[in-house]
Amino acid sequence: LPICPLAAAAMAERSVWKWTSLALMLGQNAVTPIIFRYATTAAKADERFSTVVAIGCQESLKLILSFLLVLLEQSWSLKQALSVLREVEPGESVKLAVPAVLFVFQNAAMQLATVHLPAALFQVLWQGKTLVVASLSVLLLQKRLVRSAWLAIAIMAGGIAVVQLSQNKEGKQGSMANASEQNPALGLLFVLGGCLCSGFAAV
């Protein structure tokens, strides 16, 4: 059947937004550990910014941007935006608060992990959250994974183990301001905690 020109244009627009969102997400995932690593190793612990304050500012910015989006959807009418927010049921807000809090702990773990781990090593280890999501999906949601999924998970686990055992170091790691403070074992614990928070929140 022929497709209506308006429908075709709408599909094309959705496709553009989909690929644009995917590109932005990939870019964010690639750049985030590099920025965190630079920010957390540029100074010693007593001279570095507070992780708690940084996360507080980050979450506050998210709150402001979310409210601005609600205002935009309501044609910048403050009265209508507040009316929409009052319609949200308290029970639903409580349910959403659980993953929200877990994601806050995840962000804290990410920042603290980059203090101790090179960006490349952190990026590989951080993908362990996929293993956590798969495990929790099977244990909590009783989902069944096909053999190809289990094979992919096994390969990923093997790759993470190899990277961890290789003990790679950055070329300039010794000259970083916090070189004496870096503890790979502690960084690994932070990554593990962040992966557990991320995986549980996603499930």
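First residue of the sequence shown? That's 915 in this note's numbering, and the numbers climb one at a time after it. Positions of the beta carbon are idealized from the N, C-alpha and C atoms, including for glycine. What you are looking at is a predicted structure, and each value in this text was computed from that prediction instead of being measured.
Short of 6 Å in beta carbon distance, which residues of its chain neighbour L1102, apart from the five on each side in sequence? Order them along the chain.
Locating residue 1102 in the sequence shown gives position 188, where the first residue counts as 1. For L1102, where only same-chain residues beyond five positions count, there are no Cβ hits under 6 Å.
Under 8 Å, with one C-beta from each stretch per pair, do the stretch 1067-1074 and the stretch 1035-1053 reach the 3-pair mark?
Yes, since at least three Cβ pairs between the stretch 1067-1074 and the stretch 1035-1053 fall closer than 8 Å, the two stretches touch.
Exposed unless 16 or more other CB atoms sit within 10 angstroms - verdict on C971
Taking the sequence shown and counting its residues from 1, the one referred to as residue 971 is at position 57. Taking a 10 Å sphere around the C-beta of C971, we find fewer than 16 other C-beta atoms and assign the residue as exposed.
Look up K1057 in the DSSP assignment and say whether it is helix, strand or coil.
Here the question's residue 1057 lines up with position 143 in the sequence shown. Shown here, K1057 sits in coil according to DSSP, grouped into three states, outside any helix or strand.
Is R1061 near the ligand ZN - that is, is its Cβ less than 7 Å away from at least one heavy atom of it?
Summarising the ligand content, the structure contains no ligands, and the ligand ZN is consequently not present.
Could you check how far apart the C-beta atoms of K1009 and G1113 are, in whole angstroms? I think they sit under 8 Å.
Working through the sequence shown from its first residue, we reach residue 1009 at position 95. Working through the sequence shown from its first residue, we reach residue 1113 at position 199. Incorrect: roughly 18 Å between the Cβ atoms, too far for contact.
Three-state class that DSSP yields for Q1096 in the structure shown
Here residue 1096 is taken as the residue at index 182 of the sequence shown, counted from 1. Of the three classes helix, strand and coil, the one that applies to Q1096 here is coil, per DSSP.
Taking A1014 and F1104 to be in contact with their CB atoms under 8 Å, please state how far apart those CB atoms are, rounded to whole angstroms.
Along the sequence shown, one-based indexing puts residue 1014 at 100. Along the sequence shown, one-based indexing puts residue 1104 at 190. Not a contact, Cβ separation roughly 20 Å.
Local conformation of K932 per DSSP, three classes
Locating residue 932 in the sequence shown gives position 18, where the first residue counts as 1. Of the three classes helix, strand and coil, the one that applies to K932 here is helix, per DSSP.
Starting from K1009, trace the alpha helix (DSSP H) in both directions and tell me its first and last residue.
Position 95 of the sequence shown, counted from the first residue, corresponds to residue 1009. From DSSP, the alpha helix (DSSP H) with K1009 extends over 1004-1030.
Pick helix, strand or coil for R1000, following the three-state DSSP scheme.
Walking along the sequence shown from the start, residue 1000 turns up at place 86. Residue state, collapsed to three classes: helix.
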